[in-house]
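When you line the sequence shown up against full-length UniProt numbering, it's residues 1 to 262, in that order. Please read the structure below before turning to the comments.
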Amino acid sequence: MDIKNKLIAGVLIIIIFLAAMVALQYFTSNNSGGQASDDGQVADVANVNWTLDQSFDKNDLIYGPQAWKPYNTKLPIVPGQNVDGGGDFYLMFVDLNTSAGISSESRTIRVDYGIKDLAGTAAFHAYGYSSGGISWTNNVDSSCLLVSGTVSGSGTQAAAKSLEENNNVYVKVVNDEGARYDDQGNDTYFIKFQKPGGGLNNLHVTNDAEVFGGQVTSTGDLSGTFYITYSGDRGLDDIILLVAVNGTIPDGFQIKLKAGAI
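Pasting the structure below:
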């Protein structure tokens, strides 16, 4: 084989090799990620340090019915909602077990969700834990996620009770691993906000990790991804997720959650 033919053969080998590498990268990237599906299942996603992977049902909604979430003063679960009176939201608290905490090195938590048989609204809020208590939460008027369902059906809610107080109160987490920082030995966290307005500016819920300050998102998508971000100077040890569901809760209600730092 003369030099010219050798050069042509060499170029062809390089082209074939590069094409194979591009194809491999394409198929790898398209099969390593994923979103939650409509049946309440959540697909694996690469490059996330997953610390929670669990399904929950209506029996995990152990607080309520009520119209507010805990804080120094009662905060609405939905922006603009009246916090006085009964309300019809049932609440669960889930420890995301963010083992390294959330700090200047890791300020974003990814949460994938998939909901099955949602008849009303599912609202998502975040709480931050450090030094023996929860003293941070998202400002409801600035950021939260509201998911609306259209499933019809009936169901009776399992035994639940409204929180006794909106502040200086213990809340129990319902994830299988329990409270990562189990200070009381009973899988509870102590909510202790010192003053009105305090602890509302640094923890956010966002539908885009690049929009760090978050936004109020209303959607009918029963599966998807949102992020919890932190903009404070001091680190947090853990993030607690609040899920609140209203309306008639069908017996088949289920929510699958995966969470981890990115």
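For every residue, glycine included, the Cβ atom is placed at its ideal position computed from N, Cα and C.
Between Asn166 and Tyr71, the C-beta gap is smaller than 8 Å, which places the two residues in contact.
For Met92, the closest of Asp57, Ala119, Gly85 by C-alpha to C-alpha distance is Asp57. For Lys161, the beta-bridge partners assigned by DSSP are Tyr63.
The alpha-carbon of Leu241 is positioned some 6 Å away from that of His125. Taking a C-beta distance under 8 Å as the contact criterion, Asp53 and Thr225 do not qualify as a contact pair. For the options Gln194, Phe193, Gly178, the alpha carbon positioned closest to that of Asp187 is the one of Gly178. In summary, Asn246 is buried, with 16 or more beta-carbon neighbours lying within 10 Å of its beta-carbon over all protein chains present. Here DSSP, grouped into helix, strand and coil, assigns Lys74 to coil.
Apart from the 5 residues on each side of it in sequence, Val140 sits with its Cβ closer than 6 Å to the Cβ of Leu75, Pro76, Pro79 in its chain, given in chain order. With distances taken between CA atoms, Ser154 lies nearest to Pro250 out of Asn49, Ala259, Pro250. Per DSSP, Thr150 lies in no beta strand (DSSP E) and is assigned neither H nor E.
Residue pairing from DSSP places Lys116 in a beta bridge opposite Gln254. Less than 8 Å divides the Cβ of Gly260 from the Cβ of Ile109. For Pro65, the closest alpha carbon among the candidates Asp233, Gln215, Glu164, Ile262 is that of Glu164. For the options Gly232, Asp176, Lys256, the alpha carbon positioned closest to that of Gly213 is the one of Gly232. Sorting Ser55, Gly85, Val48, Arg107 by C-alpha distance to the C-alpha of Val205 places Arg107 at the top. Counting the other CB atoms within 10 Å of its CB gives Ile262 a total below 16, which places it among the exposed residues. The beta carbon of Val83 sits closer than 6 Å to the beta carbons of Ala67, Trp68, Lys74, Pro76 from its chain, once the five residues preceding and following it are set aside; these are given in chain order. Just so you know, the alpha carbons of Ser218 and Val243 end up roughly 15 Å apart. Between Asn49 and Arg180, the gap from beta carbon to beta carbon reaches 8 Å or more. The closest CA to that of Pro196, considering only Asp60, Thr137, Ile62, is found on Thr137.
The Cβ-Cβ distance between Ser55 and Gln254 falls below 8 Å.
When secondary structure is reduced to three states using DSSP, Lys195 falls in the coil class, being assigned neither helix nor strand. Classified as buried, Asn175 has 16 or more neighbouring CB atoms from the shown chains inside 10 Å of its CB. Between Val171 and Val94, the C-beta spacing is not below 8 Å.
Proximity to Gln157 across Tyr90, Asn202, Arg234 peaks at Tyr90, based on C-alpha coordinates. Inclusion of Ser142 and Lys192 in the CB contact set at 8 Å is not warranted, their separation being larger than that value.
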